[in-house]
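Asker: As given, the protein sequences belong to chains A and B, one line each in that order. Take the first sequence: its position 166, counted from the start at 1, is 166 in our numbering, and no numbers get skipped. Count along the second sequence from 1, add 1000, and you get the number used in our numbering. Here a beta-carbon is modelled for each residue, glycine too, at the ideal position from N, C-alpha and C. Quantities reported herein were computed from a predicted structural model and do not represent experimental measurements.
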Amino acid sequence: MSGSAINRRDFLRNAGITAAGVIGFPYWIRPSALGREGAVSPGNRITVGCVGMGWQGEANLRAFLAESDCHVVAVCDIDRKHLEQARRQVNRHYGNEDCKTYTDYREMMADPTIDVVMLALPDHWHALVAVAAARAGKDIYGEKPLTHTLREGRILCDAVQRYGIIWQTGSWQRSESNFRFACELVRNGRIGRVYMVEVGLPSGHRDFAGTQGQETMGPPPPELDYETWLGPAPWAPYCPARVHKNWRWIYDYGGGQLMDWVGHHVDIAHWGLNLDHASPVEIEGSGEFPKDGLWNTATRYRLTAKYAEGFEMIIAGGHDDIRGGTRWIGTDGWVWVTRGQLDAHPKRLLQERFGPSEEHLPRAANHVRNFLDCVKSRRQTLAPCETAHRSATPGHLGQVAMLLGRKIRFDPKTEKILNDETADRMLSHSYRSPWSL
Amino acid sequence: MKRSFWMLFFGILIGLSNVSLGVSLDAAALRALLEQSRQYDFGQSRRILTDIENQIKAVYNSPEELAKAEAVLLEVLQSDCSFALKDFICRQLSVIGSARSVPALAGLLKDPKTAALAQYALVRIPDAQADKTLLEHLASSEVSVRIGLLTSLGLRRTQTAAEAIAPYAADENQAVAETALSALGQIGTSEAAAALEKQMEKILPALKPRAYDVLLSCAEKRLQSGQKAEAASLFQKVYAKKDLSGLLRSAALQGLLQSIPPEQADRLMLEELEGEDAQIRTVCLLWACRLNRPAVIQRAGQKMSSLPEWEQVQFLTALGEAKSFGAKETALSALSASSPEVVLAALETLSVVGDASCIPPLAQTAAQTTERRIRQAAQTALERLPDPQTDAAIAQLLEKIDFTAEAQSAQTAELLLAAGRRGVREAFSPILKAASVGSRPVRRVAMESLAALAGPEDISRMTHLLETSDAEVIKLMVTAASKQSERTGRAKPFLPLLAGAGPQKTAAVYQILGRLGDPDSLEVLRKGLQSENADLQEAAFRALTEWPGPEVTEEMKRWSAEGKSESRRVLAFRAYVRMVRQSEMPLPQKASTLAEAMGLAPREEEKKVVLASLADVPSEQTLKAAVGCLTQESIRPEAQAAVLAICQKLSSEHPEWCQESVKKLLESSPSEQIAKAAQELLNAMQKSR
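1) Give the straight-line distance between the Cα atoms of residue 158 of chain A and residue 1274 of chain B, rounded to the nearest whole angstrom.
2) When you compare only the Cα positions, how much space is there between residue 1322 of chain B and residue 1488 of chain B?
3) What residue range does the alpha helix (DSSP H) around residue 373 of chain A cover?
4) Expressed to the nearest angstrom, what Euclidean distance is found between the alpha-carbon atoms of residue 8 of chain A and residue 227 of chain A?
5) Whole-angstrom Cβ separation of residue 354 of chain A and residue 178 of chain A, contact assumed at under 8 Å?
6) Tell me the residue span of the alpha helix (DSSP H) that contains residue 1179 of chain B.
7) Determine whether the beta carbon atoms of residue 284 of chain A and residue 318 of chain A lie at a separation below 9 Å.
8) Mind reading off the beta-carbon distance from residue 163 of chain A to residue 1247 of chain B? Whole number of angstroms is fine, and I expect it under 8 Å.
9) How would you write the range of the beta strand (DSSP E) that residue 417 of chain A sits in, first residue to last?
10) Thinking just about the alpha-carbon of each residue, which of A:351, A:237, A:186, A:371 is nearest to the one in residue 220 of chain A?
11) Are the CB atoms of residue 76 of chain A and residue 52 of chain A within a distance shorter than 9 Å?
12) Quick check: is the beta carbon of residue 1136 of chain B nearer than 9 Å to any beta carbon in chain A?
13) For residue 99 of chain A and residue 117 of chain A, I'd like the C-alpha separation in whole angstroms.
14) Which residue from B:1664, B:1211, B:1078, B:1096 puts its Cα closest to that of residue 1067 of chain B?
15) Comparing C-alpha positions only, which one of B:1447, B:1517, B:1194 sits nearest to residue 1485 of chain B?
16) What is the C-beta distance between residue 1685 of chain B and residue 1659 of chain B, in whole angstroms, given that I count them as a contact (C-beta under 8 Å)?
17) Entirely within the segment 1055–1095 of chain B and at least 4 residues each: give me those alpha helix (DSSP H) ranges in chain order.
18) Which residues in the same chain have their Cβ closer than 7 Å to the Cβ of residue 1364 of chain B, if we skip the five residues on either side of it in sequence?
19) Buried or exposed: which applies to residue 426 of chain A, given that a residue is buried once 16 or more other Cβ atoms fall within 10 Å of its Cβ?
20) Among B:1038, B:1049, B:1042, whose alpha-carbon lies nearest the alpha-carbon of residue 1080 of chain B?
21) What are the start and end residues of the alpha helix (DSSP H) that includes residue 1598 of chain B?
22) At a cut-off of 8 Å, would you count residue 1036 of chain B as near the ligand MG, judging by its Cβ distance to the nearest heavy atom?
23) In the DSSP assignment, find the alpha helix (DSSP H) that holds residue 158 of chain A and state where it starts and stops.
24) Out of curiosity, what's the CA-to-CA distance linking residue 21 of chain A and residue 1382 of chain B?
25) Return the CA-CA distance between residue 1180 of chain B and residue 1120 of chain B, expressed in angstroms with no decimal places.
26) Specify, as a first and last residue, the run of the beta strand (DSSP E) that residue 47 of chain A falls within.
27) Per DSSP, what are the beta-bridge partners of residue 306 of chain A in this structure?
28) Going by C-alpha distance, which of B:1258, B:1199, B:1191, B:1242 is nearest residue 1220 of chain B?
29) Are the beta-carbon atoms belonging to residue 1111 of chain B and residue 1084 of chain B less than 9 Å from one another?
30) Locate the beta strand (DSSP E) running through residue 140 of chain A, then write down its first and last residues.
31) Can you check whether the C-beta of residue 1680 of chain B is within less than 9 Å of a C-beta belonging to chain A?
32) Are the C-beta of residue 1040 of chain B and some C-beta of chain A separated by less than 9 Å?
33) For residue 124 of chain A versus residue 148 of chain A, is the C-beta distance shorter than 9 Å?
34) Within 8 Å, do at least three Cβ pairs link the segment 1051–1062 of chain B to the segment 1088–1102 of chain B?
35) Measuring only the C-alpha atoms, how far is residue 1539 of chain B from residue 1470 of chain B?
36) Tell me which same chain residues have a C-beta within less than 7 Å of the C-beta of residue 41 of chain A, skipping the five on either side of it?
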């Protein structure tokens, strides 16, 4: 199955190239990349390689193209249609034919002319590509959730830390003023001691690709390298409902609405509490799963997580009593925030200003801008790797609690589930040969 | 009644029996379901698999019952069943499997087609028997299976496997070797590192960097578990290899600096700071800050101006992030750098480590720069200086300033701005003085700061500013008075000013009263409409058009039609539409009022104003009003935008109204942008049906 595909792609040779080509300079940024405002010559820009050009990847590509101090020099995808569209988009933007194309991310990582990479892949590919990028010394803009499993997250964080990589997660709500203000209200004690956080996420399955129900096995379209698309996931035959955009509704590749959104609203919940490096110590909950069909992720769920810091977090999708977004409830009031909206009790909190001795969270013109600025200064981004890992952790643990139907206890320091070896082992899964992390 | 009683009785009985007996597995039923699924294939309905899974899930918390389920699964797994069913069974075993499953799974390892299924289960089975089996099969298995076994041993972090895995790191097959390296990295013990080191010479050159990456990973795990000496030894080995990439050596140095005693780390960093390797130097600069090592920071500070621009930026950033020793002094000295990037980095650092002594240089930087970015960063730093003495220091500095002097006015303005942004109440008097006697730019900033600081209780101290009656003073008064949340009473400090006031001051007070909307001042303004002075009449009228509440809505509606000049009719109409929009009247009433307002608009410009308001109140009425305007050429673009906006809000609730309206919109030759959005909306509505 996979072996033949990999042989075709000359896996062994490429693996050698990648490993031998570890020559990046994450601690180092070319002096030329420290461009002057509005006067960056093309040769002085931060060079960007993009991996995963469908949907979110295309949106991210546009954001990078809009920044004048970076230059997208290469795109990579295993769907040749996506690849060609992206190549054309880049070339149209710069008015030339220079954009390089790759169908093997390992070759892109071995390209020493690329400074940073943007990664927007299905979840089951997040860790493999990101770790390869970190080992190659590329700074990384990567999508959420950080990884498909909790164990992968730790390996990725360690690699990013080891090589001093600047990492920005696509948790872009951190760059929005209403989310920042909400978090500043909570951090500066305006609602007193927080004892409860409610996180409302979407429910159900949305047919993003118009392929719902298309589950008849058949040959993959010629433009798609399906074996590589499956990558480390268990082998399964091709059908349209399995792949583009809708892969997120299948546990082998994604984590449903919970994992799609945990990197947004739970991430904000942690940010507000200044607990970017915290994880729950206990979690329990339940979910409803489809009884038939290929899509098997929870369509309705409710989790209760307890934190050692003394509060509870309810994470729910499809429950009317939990409003979509993030709501912190404290002894003196509450703050609620979601995209484009903000509310608080008492209302006067919405007019609050913060004094110099209070906490002011960093401002960013936009999320990609923040990443590029940090690539230059080596400052920590708004959504660093470890933060994203911890934001995803309640989701990973929640999945296990839901699937096993029992309460689990977690040690945030060792990142092990306590007294429940079966549950602990569910924090990782097997990789299909020849993939390894 | 009787029936309910018996239902309740049996319900309780069943409940009690469940409590006492617990849930038990019906092994025969489970076996039967599995038998039915023997030929199950991908793509078929998985309802029956869900039933099987649910039966197993029901006994998840009962080890005895799970053992029964496991036995049934194994029985079927070892029989002649489809690949897809084996896949399903192995997934179940990955959750409930025990040592009992291992032999059957080992059987699957022999065939490359089923080995991945077995590994999926084995990797999770919490029994040493699984490790043993994975190890036993390593030597005899086919390459792709061996890779899977190595991956599984790595994921299981099988500590006893390090010795057996290590030779594969030197395998001539790169995929096998790379997987073995990954496994050793995940195991990460001292034994794993030692076993790898023994193989290092034999590892293929292409994989050497990955092998050193694994050593670093092992070293990090030693460091995390407090075994610093062992960690340091491993880091040192990688760092000492000058032929390795700068990336690996930097990573090794970073680990080494954290593993060795601080004095030793100082010596190493000081030595490397003088070196030629920029990447290594940068690691030293960053880690000197993170580890807060004064001697190294001091030396780096002395060298800073000779460092390349990017190293200066990164050093300054690291100083601020770590709030390290000497951060303030280094950043202050960098304010005079020629590179704007360096100055920006210094300002950002000062905003977190600066103290009151930084006020003058920051104000000077903000005042003197010609770069907007630097001015803003300096102002932000002044606003954020965390030192608690800062406010008092700003107030003292302002006390000493002669605001009538032109010299230094830019710097004075920066201090005034900082005082306002920081909310320095003790600086109120000098700021008020600056607002009274300062030069034009100083006055402007002073009033901005007063607006931030002043409340209703301060108004009496500021009313002398009204002698000038300029827009900034009026804005200041309105802002200060509006800090009282209730409108009633806001006008109180201003009403006495009207006694004996000249026309200019009276007009200014009218303007304030209009914006404050205190009902107690309404009659004063209405009376002003009767003034013999035409200017005061006009001032009163305009003040009423700015009224923030609903009290004058009807007057505005009347004047829209009966105003004595077109300009008054226009102003009154616009005020009327605003008041309706902002009113708390029920939505249907608001919708009909706005729809009706379309007919009252004195000019087409005002119709556009109404159209822009309609989308705030999405309803059948407002939609009809907007659709009605699609035929009027001069206001068609605004009508199209309104129809689209209303339909976007109403489409899920009332697709029937919206589909028809969007079609009319599309027929009215909209712009490309509107047409695209309208078509998308129409498609979505048709699809959702």
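Answerer: Reading from the atomic positions:
1) Straight-line spacing of the CA atoms in residue 158 of chain A and residue 1274 of chain B works out to 30 Å.
2) Counting only the Cα atoms, residue 1488 of chain B lies some 51 Å from residue 1322 of chain B.
3) It spans 367–377 - the alpha helix (DSSP H) in which residue 373 of chain A sits, taken as one unbroken run.
4) Note that residue 8 of chain A scores a pLDDT of 28, beneath 50, so its modelled location is shaky and nothing firm can be said.
5) Incorrect: roughly 15 Å between the Cβ atoms, too far for contact.
6) Element bounds for residue 1179 of chain B: 1174–1187.
7) No, the pair does not count as a contact, with Cβ atoms beyond the cut-off.
8) Contact holds; Cβ gap of about 6 Å.
9) From DSSP, the beta strand (DSSP E) with residue 417 of chain A extends over 416–418.
10) Considering only alpha carbons, the answer is A:237.
11) The answer is yes: Cβ separation under 9 Å.
12) False, the Cβ-Cβ gap to chain A never drops below 9 Å.
13) Answer to the nearest angstrom: the Cα atoms are 14 Å apart.
14) Nearest in C-alpha terms to residue 1067 of chain B, of all of B:1664, B:1211, B:1078, B:1096, is B:1096.
15) Nearest option by C-alpha distance: B:1517.
16) At roughly 5 Å, the Cβ-Cβ gap stays under 8 Å, so residue 1685 of chain B and residue 1659 of chain B are in contact.
17) Taken in chain order, the unbroken stretches of alpha helix (DSSP H) that lie wholly in the segment 1055–1095 of chain B and span 4 residues or more are 1063–1077.
18) Excluding sequence neighbours, residue 1364 of chain B sits near 1411.
19) Flag for residue 426 of chain A reads buried.
20) Of the listed residues, the one whose Cα sits closest to residue 1080 of chain B is B:1038.
21) Element bounds for residue 1598 of chain B: 1587–1600.
22) The ligand MG is not part of the structure shown, which contains no ligands of any sort.
23) For residue 158 of chain A, the enclosing alpha helix (DSSP H) begins and ends at 150–162.
24) In this prediction, residue 21 of chain A has a pLDDT of 32, which is less than 50 and means its spatial position is unreliable; what the coordinates show is noted afterwards. In a straight line, the C-alpha of residue 21 of chain A is about 46 Å away from that of residue 1382 of chain B.
25) Going by the C-alpha atoms only, they are around 18 Å apart.
26) Taken as a continuous stretch (DSSP letters only), the beta strand (DSSP E) holding residue 47 of chain A covers 46–51.
27) The bridge partners DSSP lists for residue 306 of chain A are A:282, A:312.
28) With distances taken between Cα atoms, residue 1220 of chain B lies closest to B:1258.
29) Cβ distance not < 9 Å, so residue 1111 of chain B and residue 1084 of chain B don't count as in contact.
30) Looking at the DSSP string, the run of the beta strand (DSSP E) that includes residue 140 of chain A is 139–142.
31) Closer than 9 Å: no.
32) Using a CB distance cut-off of 9 Å, residue 1040 of chain B does not count as an interface residue toward chain A.
33) Going by C-beta atoms, residue 124 of chain A is nearer than 9 Å to residue 148 of chain A.
34) Output reads yes: the segment 1051–1062 of chain B touches the segment 1088–1102 of chain B.
35) Between the alpha carbons of residue 1539 of chain B and residue 1470 of chain B lies a distance of about 14 Å.
36) With a pLDDT of 49 at residue 41 of chain A, under the threshold of 50, the predicted position of this residue should be treated as unreliable, though the coordinate-derived value follows. For residue 41 of chain A, where only same-chain residues beyond five positions count, there are no Cβ hits under 7 Å.
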